[in-house]
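Colleague:
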Amino acid sequence: MLFKKRGTFTEEDARKVIEFVSERPDEREIIVMAERITDEAKRRLWDYARAVKLMADLTGEEREVRVEILEGYVSEKVKGIDVEGL
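Under numbering that gives the first Met the number 0, the first residue of the sequence shown carries the number 0, and numbering increases by one thereafter.
1) With a CB to CB cut of under 6 Å and the five nearest residues on each side skipped, what residues in its chain are close to V82?
2) Helix, strand or coil: how does DSSP classify D25 here?
3) Kindly list the residues whose CB is nearer than 6 Å to the CB of A87, restricted to its own chain and excluding five residues on each side of it in sequence; keep chain order.
4) Measuring alpha carbon to alpha carbon, tell me which of G84, K76, E34 and V51 ends up nearest E26.
5) With a Cβ-Cβ cutoff of 8 Å, do M54 and I29 count as a contact?
Right under this line is the structure:
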């Protein structure tokens with residue numbers, strides 16, 4: 000699932016994305032596209048991915064969420080979920 004934001008992607012934005020993805024257990028990938036992403040936001044996303052893997056291991060499930068972070072220009076032509084709309 001692709002999330003995009005013009006400007007700086009913050010820890011609060013990461014929290015919104017995680018809440019959104021948590022409601023969809025079949026989701027396997029989080030892609031964040033923003034002009035700039037704070038270290039705290041990156042850490043929160045990576046911690047979420049590790050937590051999903053850990054919980055899956057504990058329950059015997061086969062679940063993993065991959066996180067990709069793309070910093071730089073954010074095109075309006077790219078289809079994705081606008082973080083400001085969450």
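For each residue, glycine too, the CB sits at the ideal point set by N, CA and C.
Modeller: This is what the structure holds:
1) F2, K4 and D12
2) coil
3) Nothing can be reported for residue 87: it is not among the residues displayed for the chain, which extend from 0 to 85.
4) Of the listed residues, the one whose Cα sits closest to E26 is V51.
5) By the CB criterion at 8 Å, M54 and I29 fall outside the cutoff.
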